[in-house]
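Everything on this sheet refers to the single structure shown next.
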Amino acid sequence: MISEVTFNKIFPHAVKGVYQAISAQIEKAGCVNKMQQAMF
973 MISEVTFNKI
983 FPHAVKGVYQ
993 AISAQIEKAG
1003 CVNKMQQAMF
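As numbered in our numbering, residues 973 to 1012 make up the sequence shown, in order.
Here it is as structure tokens:
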């Protein structure tokens, strides 16, 4: 899982809250495996 800081560097124009939304969806999906997280 990339950090929020890294995410903001990659997507500088992303709407605030997008990272949290994606992070929440990954947690809901129960992706414990690092490779699964990398796909998101």
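No residue lacks a Cβ here, since even glycine has one placed at the ideal position from N, Cα and C.
Each residue's CA atom was taken as its position, placing F983 and K1000 some 23 angstroms apart.
The three-state reading of DSSP puts I982 in helix, counting H, G and I together. The three-state secondary structure of S995, taken from DSSP, is helix.
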